[in-house]
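Chemist:
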Amino acid sequence: MVQPALSRGASVEMDATALNKGNVIVLEALRSQESWVSDSERKRCHICNKNFSAFRRKHHCRVCGEIVCSPCALKKQLMLPSVGQTEARVCVQCVMGFANPPGEGSGVAPSPATVASAAPHGFSSSASEHSLSRGHYHSTSGRTHSMNSPLTPIELPTTSTPCDYPLDFDWEHAWPKPPACADEADRLEDLYSYDILDTPQDDVFDIICDLASKALNCSIAGVSFIDETRQWFKSSVGLIQEEIPRNVSFCAHVVYTKEPILVADTSLDKRFDRNPLVTGRAGIRFYAAAPIICPGTGRVLGTVFVFDVAARTRDPGDVGTLEKLAQVVMKNLEDRKLAAASMERPSGATDRSSVLTNNSSVAASEQVPSEPAPVVPAAPVTPAADVPPPAPEAALVSTTGETAVAASAAGAPAPKMETMLMDLLSRTTVTQQQLASQQGNMFATINSHGSQINKLADAVARMEAKLMADEAKKA
Numbered sequence: 003m004v005q006p007a008l009s010r011g012a013s014v015e016m017d018a019t020a021l022n023k024g025n026v027i028v029l030e031a032l033r034s035q036e037s038w039v040s041d042s043e044r045k046r047c048h049i050c051n052k053n054f055s056a057f058r059r060k061h062h063c064r065v066c067g068e069i070v071c072s073p074c075a076l077k078k079q080l081m082l083p084s085v086g087q088t089e090a091r092v093c094v095q096c097v098m099g100f101a102n103p104p105g106e107g108s109g110v111a112p113s114p115a116t117v118a119s120a121a122p123h124g125f126s127s128s129a130s131e132h133s134l135s136r137g138h139y140h141s142t143s144g145r146t147h148s149m150n151s152p153l154t155p156i157e158l159p160t161t162s163t164p165c166d167y168p169l170d171f172d173w174e175h176a177w178p179k180p181p182a183c184a185d186e187a188d189r190l191e192d193l194y195s196y197d198i199l200d201t202p203q204d205d206v207f208d209i210i211c212d213l214a215s216k217a218l219n220c221s222i223a224g225v226s227f228i229d230e231t232r233q234w235f236k237s238s239v240g241l242i243q244e245e246i247p248r249n250v251s252f253c254a255h256v257v258y259t260k261e262p263i264l265v266a267d268t269s270l271d272k273r274f275d276r277n278p279l280v281t282g283r284a285g286i287r288f289y290a291a292a293p294i295i296c297p298g299t300g301r302v303l304g305t306v307f308v309f310d311v312a313a314r315t316r317d318p319g320d321v322g323t324l325e326k327l328a329q330v331v332m333k334n335l336e337d338r339k340l341a342a343a344s345m346e347r348p349s350g351a352t353d354r355s356s357v358l359t360n361n362s363s364v365a366a367s368e369q370v371p372s373e374p375a376p377v378v379p380a381a382p383v384t385p386a387a388d389v390p391p392p393a394p395e396a397a398l399v400s401t402t403g404e405t406a407v408a409a410s411a412a413g414a415p416a417p418k419m420e421t422m423l424m425d426l427l428s429r430t431t432v433t434q435q436q437l438a439s440q441q442g443n444m445f446a447t448i449n450s451h452g453s454q455i456n457k458l459a460d461a462v463a464r465m466e467a468k469l470m471a472d473e474a475k476k477a
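Residue numbering for the sequence shown follows this note's numbering, starting at 3 and increasing by one per position.
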């Protein structure tokens, strides 16, 4: 259908009345193209906050002039005095504003099906109020835009995780106390058993942290572990501190609930709206985190989290991404713990073998008589079992391997202590080499995946640049 000529008038007056049967929006004029938001100002959709790409194209709302993606821009029938009825792209915010025009509280409300079809994919049924007043409206990203249109306050759905547990404000600070776990002592014991706190930087955790930041397009991300008094960052992006006090930690709530948390706007959430990370210089507005859960006990050791300084509405799939990364962190912790245990076992076995060897030697020396044994004929010396020393020697060689057992059965003397120690040391060396090889293979795989992701990102960037260049030429 032919697009209407854009009005170059001063402002867009929206007598927002929808024709009941035809679902036609009546306007005096569309937004002037000169007052549209510039393409260079938006890298993400104004409504769903997702990045534009070759598969997620930019569209201008013909009513407010904002830049949105295809799922957030609906083709609606408009009635204009200058051209009559025509079709144009209108963003979901404006559509919902027209569905509830000012001064028509008793008018026809949109059906649930209409509202559902107008909402972009990934929004839930929960709502947070975004005020739209004459002259300005506040977007989900917290920015204020000029808009000379009398729109009523509308509700945009978000995916914030509800707070279904009591909060305790009975302390010296304005924000609520971090909730305490009933099994906190056991949780700390689980955490300390992995010996991860205050360890040096690790490439594996850095890669996981970087993936979280890029996957959710957040400027701040981290892999953290929470002990009794602090939240310690094993790896982080966009943070200078290595730790923060637990009493201001957002992730303390994840430790308590043992569930992922997503907060679209922290300034609207009673758990965080007075937290200094929100009210202070950091200005955190968006928060999402997934717990790192100990598989044996189900207790939370830490979190994989992201922060951003702009409020937003996110796809619930983002929480799923964080959960997968948290599982990778837990798998890495388990591997580290098993590797440390396997390296300790051979040395422990060596100590036990040496102690047993020394005890056996002492027992044998005590049982050998001090005076020389009498000379006896060769024929009668058949009952060798009556001699005391072989018993402890048999007990010793039974713990040193099949080779020593066979030698003892043949009547040969037990292997010397030096031989046994060398055998155990060689086995320990082989085990360490195998662990080092496995760790090297894991690092190589992760680096390969990282390089592939970078190549894909570069390819997408080139495609976007080419498409934008083609669009610029056509324009």
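In this text, a Cβ means the ideal position worked out from N, Cα and C, and glycines have one as well.
Quick caveat, the model's predicted, so the values are computed rather than measured.
1) Quick check on residue 248 - is its C-beta less than 8 Å from some C-beta in chain B?
2) Could you check what DSSP says for residue 443 in three-state terms: helix, strand or coil?
3) Taking a contact to mean a Cβ-Cβ separation below 8 Å, would you say residue 53 touches residue 219 in this structure?
4) From 36, 49 and 65, pick the residue whose C-alpha is nearest to that of residue 30; which is it?
5) Could you tell me the alpha carbon to alpha carbon distance between residue 242 and residue 222, rounded to whole angstroms?
6) With DSSP collapsed to three states, give me the class of residue 167.
7) What residues in its chain sit with their C-beta under 6 Å from that of residue 165, if we drop five residues either side in the sequence?
8) Report yes or no: do three or more beta-carbon pairs, one from the segment 244-258 and one from the segment 178-187, lie closer than 8 Å?
9) For residue 247, which beta-bridge partners are listed by DSSP?
10) Does the Cβ-Cβ distance between residue 37 and residue 86 come in under 8 Å?
11) Given 8 Å as the limit, is there contact between the segment 258-271 and the segment 303-315, that is, 3 or more CB pairs closer than that?
12) Are residue 217 and residue 306 touching if we call contact CB-CB under 8 Å?
13) Determine, using beta-carbon pairs with one atom in the segment 323-334 and one in the segment 287-299, whether at least three such pairs fall under 8 Å.
14) State buried or exposed for residue 304, treating a residue as buried only when at least 16 other CB atoms are found within 10 Å of its CB.
15) With distances taken from CA atoms, which of 320, 277 and 259 is nearest residue 300?
16) Helix or strand or just coil, what does DSSP make of residue 34?
17) Please confirm whether residue 244 and residue 233 have their CB atoms less than 8 Å apart.
18) Under the three-state reduction of DSSP, which class applies to residue 58: helix, strand or coil?
19) Inspect the beta-carbon positions of residue 40 and residue 58 and report whether they are closer than 8 Å.
20) I'd like to confirm the pairing. Which residues does DSSP put opposite residue 78 in its beta bridges?
21) For residue 289, does the three-state DSSP call read helix, strand or coil?
22) Identify whether residue 41 lies in helix, strand or coil by the three-state DSSP scheme.
23) Pull the bridge partners of residue 310 from the DSSP assignment, please.
24) In three-state terms, what does DSSP make of residue 223?
25) Are there 16 or more other CB atoms within 10 angstroms of the CB of residue 75, so buried, or fewer, so exposed?
26) For residue 97, tell me which candidate among 84, 77, 287 and 88 has the shortest Cα-Cα distance.
27) In angstroms with no decimal places, state the Cα-to-Cα distance between residue 171 and residue 277.
28) How far does the beta strand (DSSP E) with residue 264 in it extend, from its first residue to its last?
29) I'd like the list of long-range same chain contacts for residue 173, defined as Cβ closer than 8 Å, with 5 residues on each side in sequence excluded.
30) Give every residue of the same chain whose Cβ lies closer than 6 Å to the Cβ of residue 186, excluding the five residues on either side of it in the sequence, and list them in chain order.
31) For residue 197 and residue 47, I'd like the C-alpha separation in whole angstroms.
32) With DSSP run on the structure shown, which of helix, strand or coil describes residue 198?
33) Report yes if the CB atom of residue 229 is closer than 8 Å to the CB atom of residue 270, and no otherwise.
34) On the DSSP bridge list, what partners appear for residue 304?
35) Strictly by DSSP, which residues pair up with residue 46?
Modeler: Inspection of the coordinates gives the following:
1) No chain B appears in the structure shown, which is made up of a single protein chain.
2) helix
3) yes
4) 65
5) 10 Å
6) coil
7) 273
8) yes
9) 232
10) no
11) yes
12) no
13) yes
14) buried
15) 259
16) coil
17) no
18) strand
19) no
20) 90
21) strand
22) helix
23) 288
24) strand
25) buried
26) 77
27) 12 Å
28) 263-265
29) 179
30) none
31) 43 Å
32) coil
33) no
34) 227 and 294
35) 53
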